[in-house]
Amino acid sequence: MYERNLDYFRGLFATLVVFAHTYQILLLPLLYDKNSLILKLVQFIAAYSVVGFILISGYSIASSLHSNYLKNNGVINIKEFIKRRIYRIFPPFFLSILVVICVVFCIHYFSLNGSEKYILPDSKYVPREQARYDWELIIYNLLFLNSFIPEIKNVTMNGPLWSLNFEVYFYILLSTFSLFIINYNLNNLQKNMAIVIFLSIICLQIYLDNKQFLYLLIVFFIGALSYYISYYKKHNGFNLKKILFVISIVLLFFLIFKTHNFSPYTSKGYKIMILISIAMVLFYSIYLSKNNLYLEKIFYSISKYSYTLYVIHFPLLLLLLSLFHENLYTMGILEIFFLLMLGNFMIFKLSKYFSYIVERKNYK
Numbered sequence: 001m002y003e004r005n006l007d008y009f010r011g012l013f014a015t016l017v018v019f020a021h022t023y024q025i026l027l028l029p030l031l032y033d034k035n036s037l038i039l040k041l042v043q044f045i046a047a048y049s050v051v052g053f054i055l056i057s058g059y060s061i062a063s064s065l066h067s068n069y070l071k072n073n074g075v076i077n078i079k080e081f082i083k084r085r086i087y088r089i090f091p092p093f094f095l096s097i098l099v100v101i102c103v104v105f106c107i108h109y110f111s112l113n114g115s116e117k118y119i120l121p122d123s124k125y126v127p128r129e130q131a132r133y134d135w136e137l138i139i140y141n142l143l144f145l146n147s148f149i150p151e152i153k154n155v156t157m158n159g160p161l162w163s164l165n166f167e168v169y170f171y172i173l174l175s176t177f178s179l180f181i182i183n184y185n186l187n188n189l190q191k192n193m194a195i196v197i198f199l200s201i202i203c204l205q206i207y208l209d210n211k212q213f214l215y216l217l218i219v220f221f222i223g224a225l226s227y228y229i230s231y232y233k234k235h236n237g238f239n240l241k242k243i244l245f246v247i248s249i250v251l252l253f254f255l256i257f258k259t260h261n262f263s264p265y266t267s268k269g270y271k272i273m274i275l276i277s278i279a280m281v282l283f284y285s286i287y288l289s290k291n292n293l294y295l296e297k298i299f300y301s302i303s304k305y306s307y308t309l310y311v312i313h314f315p316l317l318l319l320l321l322s323l324f325h326e327n328l329y330t331m332g333i334l335e336i337f338f339l340l341m342l343g344n345f346m347i348f349k350l351s352k353y354f355s356y357i358v359e360r361k362n363y364k
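FYI, UniProt numbering numbers position 350 of the sequence shown as 350, with every residue one higher than the one before it.
What follows is the structure, given as structure tokens:
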């Protein structure tokens, strides 16, 4: 079941993440103040944009699995599902690794700022210590282990890749759960394999105390649940608001007051994140595809290449820092504004054209 406004939010969240990282990489060296209200606001926007992506991803994957189920007469064709996910995930992912390698090569080859270290005498903050390849971490990333195993850090030059690794495991969890629940024709071995894979991933993350993974997994499954709520509301006409009210009360109790193993984040800040996540899914489920939204055409357009934009913008911003870091301290406000606008314009354009190759979308 396609929801057009999901594309709007994809484009919006991708744009917010890029702008937040632009602020972090190009402006914080000039303006850093840990108590700054603007800094806290930007961090908040970036964090919730990622949460929004995970919610949308849960909704979309549930929709994909359900379409697969309907298309194949009440059975999920897992091979078809895996094939579609591979075509969706891997080309932009490999592009992002290639962009990192090319950016680091250029920085070192031309001896740009960052080839030895990013910090300058006037720097109040630097997003990275040095531009480096991180070959070992790249290999781990190709195996989707970064952040999934908390001790394995992310590739230095491409911060956003951590969430992609999480999403791959979320896809596995939702698909194995769906197979176990829906595919009655599975033999005992196949059912046992599905449940073992599901429980192994969950138990490993609880054992590793990977609170970030567990929290975002809940967000992902809330997104998946919102798809089924929307679908059955559309086709069966039940009272959605009453159902959502009951579900939200149960989730609030379960997520906030249970033990730390089941409530991944226990601080006040993350309890607030859970509350807002539930509010977001209520918004998606009730208002999706009903209201006109601001700047629709722009964000619908960006949504077509939002995945590519998300995975390649960070190293490109670091390349801009390498090129203009020293000049930032002597530029006027208008010059900096022009640099930021031009830099972001180029990143959006490159993402659009690269996505034509790796996401196979035609913009003509």
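No residue lacks a Cβ here, since even glycine has one placed at the ideal position from N, Cα and C.
- Here ASN72 is exposed, its C-beta having fewer than 16 other C-beta atoms within 10 Å.
- Two segments are said to touch when three or more pairs of C-beta atoms, one from each, lie closer than 8 Å; by this definition the segment 146 to 159 touches the segment 93 to 104.
- In the three-state DSSP reduction, ASN68 falls in the helix class (H, G or I).
- Rounded to the nearest whole angstrom, the CA to CA distance from TYR125 to LYS234 is 50 Å.
- The three-state secondary structure of ASN327, taken from DSSP, is helix.
- In the structure shown, the three-state DSSP call for ILE181 is helix.
- By the neighbour-count definition (other C-beta atoms within 10 Å, threshold 16), THR330 is an exposed residue.
- When DSSP states are grouped into helix, strand and coil, ILE76 belongs to the coil group.
- Unbroken alpha helix (DSSP H) runs of no fewer than 4 residues, entirely contained in the segment 194 to 238, are found at 211 to 236, following chain order.
- The Cβ atoms of LEU340 and LEU26 sit closer than 8 Å to each other.
- For LEU31, the uninterrupted alpha helix (DSSP H) segment begins and ends at 28 to 31.
- Beta-bridge analysis with DSSP links ILE149 to ASN146.
- The closest CA to that of ILE347, considering only LEU309, HIS325, ILE357, is found on LEU309.
- By the C-beta criterion, the segment 292 to 308 is judged to be in contact with the segment 7 to 18, since at least 3 inter-stretch pairs fall below 8 Å.
- In summary, ILE86 is exposed, with fewer than 16 beta-carbon neighbours lying within 10 Å of its beta-carbon over all protein chains present.
- DSSP places GLU296 inside the alpha helix (DSSP H), whose first and last residues are 296 to 303.
- In the DSSP assignment, ARG10 falls within the unbroken alpha helix (DSSP H) covering 4 to 22.
- Looking only at ILE312, VAL168, SER163, the smallest Cα-Cα distance to SER49 is reached by SER163.
- For GLU129, the three-state secondary structure derived from DSSP is coil.
- Distance check between LEU70 and each of LEU225, TYR231, ILE107, PHE198 places TYR231 closest, using alpha-carbon atoms only.
- Annotation for VAL358: the continuous alpha helix (DSSP H) segment containing it runs 333 to 358.
- Assignment of VAL155 by DSSP, reduced to helix, strand and coil, places it in the coil class.
- In the three-state reduction of the DSSP assignment, SER36 falls in the coil class.
- The three-state reading of DSSP puts ILE89 in helix, counting H, G and I together.
- Relative to the Cα of LEU174, the nearest Cα in the group GLY223, ARG128, VAL51, ASN210 belongs to GLY223.
- Distance check between ASP122 and each of LEU217, LYS349, LEU28 places LEU28 closest, using alpha-carbon atoms only.
- LEU142 and ARG360 have their C-alpha atoms spaced approximately 22 Å apart.
- With a 10 Å radius around the Cβ and a threshold of 16 neighbouring Cβ atoms, GLU80 comes out exposed.
- About 4 Å separates the beta carbons of ASP7 and SER303, which is inside the 8 Å limit, making them a contact pair.
- Sequence-distant partners of ALA62 (beyond 5 residues in either direction) whose C-beta falls short of 6 Å from its own C-beta, in its chain, are ALA224, TYR227.
- Around the C-beta of LEU342, fewer than 16 other C-beta atoms lie within 10 Å, and the residue is accordingly described as exposed.
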